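Presented below is the structure to which this report refers.
Protein chains in written order, with the UniProt record's numbering: chain A, 1 to 578; chain B, 1 to 578.
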């Protein structure tokens with residue numbers, strides 16, 4: 001048994017995660033290829049081991065070596081090691097293949113020869129590691145749970161030290177990229193993420209990866225940060241509560257351990273979606289302002305914590321008077337000290353059926369920094385922006401939260417208002433809370449020839465996607481059209497999704513549809529639309545819901561797929577003639 | 001003070017009701033005219049008094065006479081009276097104008113000369129009563145609360161008895177129309193109602209009447225009956241409750257007085273909408289099966305009763321086990337004894353924030369027979385079909401209600417399934433519960449030339465309509481287009497509507513938009529669409545939501561209005577040339 005398969009050892013989730021990570025590497029590789037780095041397939045394969053493929057199909061020999069490595073105590077990778085030869089960046093850069101004397105990579109002071117490691121991994125022509133370069137920018141898989149083990153393996157491949165001047169140069173380069181200001185202490189991210197903004201970090205997973213599992217692995221969960229990620233500590237963290245009944249005027253202060261000790265633990269599987277999901281399509285109608293999210297600014301996780309309704313009930317808070325809002329403030333701050341904050345209706349916070357959580361775990365792990373460590377408000381069915389990360393303060397109030405993102409952002413605008421409209425702010429609609437019904441096609445990709453090169457299946461196309469609605473509304477049906485919306489077929493919905501409780505279906509509904517592809521089919525205009533338990537549907541087109549902030553795009557999702565089926569094999573032709 | 005103005009005496013609601021009734025008569029008159037009965041304006045005026053116009057502008061003389069009549073004890077109208085002359089149907093039929101010897105009407109045995117009464121009411125050229133005929137089919141205004149008073153006035157106008165043979169002939173005619181079977185004992189209905197089905201009775205109010213007030217007067221509230229209206233008695237009525245915790249196996253039986261004595265009274269203003277509202281438009285795409293409702297199979301009332309959540313909590317019912325459904329059975333039955341019944345999710349029934357009522361009053365009166373006397377389930381935000389009338393029985397269950405209307409009707413179907421589809425029942429979606437966001441234009445009417453003949457305002461068109469969403473979701477915005485959806489303006493929302501609580505906005509949102517009409521405008525293609533608090537929107541077109549049952553039509557509502565402005569007056573032209 002391999003030590004590097006902790007997820008695969010135990011659960012179905014683990015097996016899924018393994019599959020996802022395998023695919024993640026393919027995608028990460030092809031993304032880098034797409035970026036035109038021009039590395040050969042052989043070099044791409046270098047990425048295998050150090051990007052996590054150690055867990056896939058290592059040879060018995062290597063497995064034994066690795067097991068041995070894992071018996072050793074924790075190592076700090078990339079430290080200067082006495083008695084090893086020194087190489088320059090230029091030396092390392094030449095070692096990009098076996099013919100060139102081996103495949104070398106860098107990590108801080110360390111120079112490593114990964115040739116043998118790679119030779120034990122025959123597959124993965126699409127895989128990539130920056131052979132001849134630092135692996136740091138790509139070394140982000142299993143950051144949360146496998147780092148130490150991978151470090152050990154890496155050090156078994158150590159062949160030398162990098163020249164000290166070059167170490168400094170690499171450090172400068174890193175600073176140039178990540179800065180040494182407010183963003184100097186950001187967590188590592190998965191290399192497969194499509195990055196929409198570096199500072200603050202905003203990234204979404206590739207659609208085909210995201211739909212590999214019902215629960216999104218933590219490091220593939222889309223990230224929408226508004227500010228630098230704070231460096232907090234779960235043990236010393238305090239949650240403060242203010243408002244009538246909440247220990248006025250001093251408020252109430254609770255540690256995470258006190259929350260756990262006082263209130264019943266509660267678990268919710270919920271999809272979080274950014275208001276700007278599918279904004280890129282909206283900009284095709286007319287440019288909007290905001291991060292250019294594609295179709296995957298949403299992900300699904302299992303969150304564990306205590307119910308906010310229990311906490312508020314414990315202190316006797318009700319919404320029978322004038323109190324209408326529940327503020328949620330994070331501990332992430334801008335350079336002026338302003339934090340990210342938002343509010344939700346107090347009715348939502350108080351309603352046990354709304355399952356609002358003060359969460360301290362994400363998929364059974366401490367919440368990763370990017371996702372709100374150590375405490376996050378989880379407001380199921382409600383726009384991501386109200387699921388406040390790094391939660392430090394709750395205030396019950398008569399007024400909606402006054403901060404920028406509540407007042408000036410995350411609101412709907414009419415389609416006739418844009419930045420040229422005089423005093424456009426007065427057209428801002430109510431703050432976005434529960435989201436409308438949504439769906440999107442994740443496979444096939446629009447504009448890419450089908451079948452993909454090398455595909456074995458050329459007669460049946462599997463169309464995949466997700467559907468979801470806010471407010472806990474279940475997805476009743478997903479209709480798929482191949483002809484731009486003229487006729488429709490019903491997709492098959494994931495059983496985990498359809499088993500959710502009535503109007504507490506916080507998690508999405510993955511769906512698939514297999515369609516026969518005729519030899520004469522030249523293109524498909526695939527469209528999907530979902531129906532929720534309130535029989536709300538998606539609008540046909542984007543223009544009438546266009547808004548200058550580019551939020552709330554839930555129009556039918558459309559992809560155009562050109563078809564180029566290879567001619568049938570000879571024996572098939574024979575059969576056809578029978 | 002007139003006795004016939006009970007609503008007008010007290011409240012703003014009363015004043016509105018008065019205006020509505022005035023308009024109701026106009027509409028009723030024009031509806032009858034539309035039906036080609038060819039009666040002259042003078043004859044139409046006969047309808048004034050007996051159709052309710054007594055409450056408008058009677059002369060002082062007549063008012064005194066009427067007040068006198070009202071001091072007398074209750075009279076039974078239309079009984080045979082000794083000592084009066086006998087007239088035949090043919091005699092009465094000739095008395096259709098002052099010139100013809102007076103305007104006569106019939107009611108059972110009674111013959112009445114209403115000429116003087118009419119002469120006191122100068123207005124109302126569009127009004128109609130069946131002069132020379134029985135007033136019974138039209139005598140439906142104030143059926144609930146003014147009948148006795150109107151009877152007295154009628155008897156002051158009595159001039160004779162109808163020939164006994166003719167009385168029998170009229171009775172035969174009535175039976176032919178209303179039957180002497182299960183539908184022989186139906187209540188009277190407002191003559192302005194557009195009737196979609198007589199047996200069972202299904203009718204909707206004219207759109208322009210409906211939008212005259214936020215609260216719909218009881219006799220203009222749309223009626224959707226599935227079976228004959230039962231003849232029940234509030235004093236002896238029992239509500240039975242069955243299920244785990246509910247006094248098994250015998251169940252619990254409560255009188256309405258016991259409900260009132262045990263539970264706190266609760267009031268909810270809610271809009272009830274039929275699943276088939278706007279079905280007629282759907283049939284324009286492709287014929288659907290069902291009553292051809294126009295845009296007004298919805299109305300709004302104030303309901304008073306006790307909270308079902310209080311009742312269930314009182315007996316300790318929860319949905320933490322396998323119980324998921326709450327059955328609601330009426331006491332209306334078909335000839336086989338099967339009652340109308342439905343179910344709602346138990347989560348909805350138990351949730352005090354959902355405001356589900358066991359209602360015994362509608363707009364501060366006992367619920368009229370057509371609307372569920374003496375007890376009705378009011379399930380705010382949920383399709384009309386679950387707001388079960390004549391409520392006799394509640395059953396908490398693991399299973400959804402098994403009756404026809406729950407299992408075989410009131411479900412969504414995909415657009416690709418119709419009655420020609422093999423085994424179409426297996427495509428039936430979940431039972432319809434909370435409804436999607438909806439809106440419609442009630443004025444101007446599509447296809448009618450604007451301005452209407454005789455209109456004073458020819459430069460500004462006031463567009464009116466309603467918006468509503470299920471599940472208590474507030475209406476955030478209504479967008480109106482004059483060009484078929486290319487550009488949009490924001491309508492003004494009724495303040496009673498926007499004051500509703502977050503996600504407990506059970507009542508609709510009336511809206512208006514004044515638009516300038518240019519002299520060169522030849523037509524408008526008016527479209528409306530609403531946005532609810534979950535930012536759900538209406539779909540652009542009907543075809544993709546078409547379903548064989550014709551339910552859930554919430555596509556954009558569109559009306560085409562040809563414009564024919566009269567040329568500007570001479571002085572205006574002069575001014576234009578300045």
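From the three backbone atoms N, C-alpha and C, an ideal C-beta is built for every residue, glycine too. Note that the structure is a prediction, hence the values are computed from the model and not measured.
For the 8 Å CB-CB criterion, residue 442(B) and residue 295(B) form a contact.
Taking one beta carbon from each stretch, the region 521-531 of chain B and the region 461-478 of chain B have 3 or more pairs nearer than 8 Å; the two touch. In terms of Cβ geometry, residue 307(A) and residue 260(A) do not form a close pair [threshold 8 Å].
Residue environment analysis places residue 396(B) among the buried positions, since at least 16 neighbouring C-beta atoms fall within 10 angstroms of its C-beta. Neighbourhood of residue 488(A) in chain B, by CB distance below 8 Å: 414, 415, 416 and 544, in chain order.
Here the alpha carbon of residue 169(A) sits roughly 52 Å from the alpha carbon of residue 534(B).
If the five residues before and after residue 434(B) are omitted, its C-beta is found closer than 6 Å to the C-beta atoms of 381, 382, 470 and 471, all from its own chain and listed in chain order. An exposed status is given to residue 236(B), since fewer than 16 other beta-carbon atoms sit within 10 Å of its beta-carbon. For residue 401(B), there are no C-beta contacts with chain A under 9 Å, since the nearest C-beta of that chain is about 15 Å from it.
If you keep only unbroken alpha helix (DSSP H) runs of at least 4 residues inside the region 429-505 of chain B, you get 495-498.
With at least 16 other beta carbons inside 10 angstroms of its own, residue 152(A) counts as buried. The Cβ of residue 434(B) sits closer than 8 Å to at least one Cβ of chain A. In the three-state reduction of the DSSP assignment, residue 305(B) falls in the strand class.
Taking 9 Å as the Cβ-Cβ cut-off, the region 474-507 of chain A approaches chain B at 474, 476, 477, 479, 481, 485, 486, 487, 488, 489, 490, 501, 502, 503 and 504, given in chain order. Residue 362(A) is bridged by DSSP to 303(A) and 365(A). Counting other Cβ atoms within 10 Å of its Cβ, residue 316(A) stays below 16 and is therefore classed as exposed.
Residue 325(A) counts as buried, since no fewer than 16 other beta carbons sit within 10 angstroms of its beta carbon. Leaving aside the five residues that flank residue 473(B) on each side, the residues in its chain whose CB is nearer than 8 Å to its CB run, in chain order, 381, 437, 503, 505, 532, 533, 534 and 536.
Here residue 425(B) is exposed. Its C-beta has fewer than 16 other C-beta atoms within 10 Å.
For residue 531(A), the chain B residues whose C-beta falls within less than 8 Å of its own C-beta are 412 and 429, listed in chain order. Taken in chain order, the members of the region 328-355 of chain B whose beta-carbon sits within less than 7 Å of a beta-carbon on chain A are 345, 347, 351 and 353.
Between the alpha carbons of residue 349(B) and residue 322(B) lies a distance of about 15 Å.
A distance below 7 Å between beta-carbons, with the five flanking residues on each side excluded, links residue 362(A) to the following residues of its chain, in chain order: 218, 301, 303, 368 and 371.
The Cβ of residue 540(A) sits closer than 8 Å to at least one Cβ of chain B. Residue contact with chain A for residue 183(B): absent (no Cβ-Cβ distance below 8 Å to any residue of chain A). Counting every other CB atom within 10 Å of its CB across the protein chains shown gives residue 523(B) a total below 16, marking it as exposed. Within the same chain, and ignoring the five residues on either side of residue 115(B) in sequence, the residues whose Cβ sits closer than 7 Å to its Cβ are 98, 102 and 103.
Taking 8 Å as the CB threshold, residue 564(A) stays off the interface with chain B. Against residue 536(B), the close residues of chain A are 436, 437 and 536, in the order they occur along the chain (beta-carbon pairs closer than 7 Å). Beta-bridge analysis with DSSP links residue 117(A) to no other residue. Taking the Cβ atoms as the reference, residue 439(B) lies roughly 36 Å from residue 338(B), outside the contact range of under 8 Å. Interface residue (Cβ-Cβ distance to chain A less than 8 Å): residue 358(B) is not classified as such. Contact annotation for residue 552(A) against chain B: 535 [CB-CB distance below 7 Å, chain order]. Contacts between residue 290(B) and chain A, judged by CB atoms closer than 9 Å, are missing: the closest CB pair is about 16 Å apart. Check the Cα spacing between residue 282(B) and each of 550(B), 568(B) and 566(B): the tightest is with 550(B).
Closest in alpha carbon position to residue 548(B), among 165(B), 388(B), 189(B) and 290(B), is 290(B).
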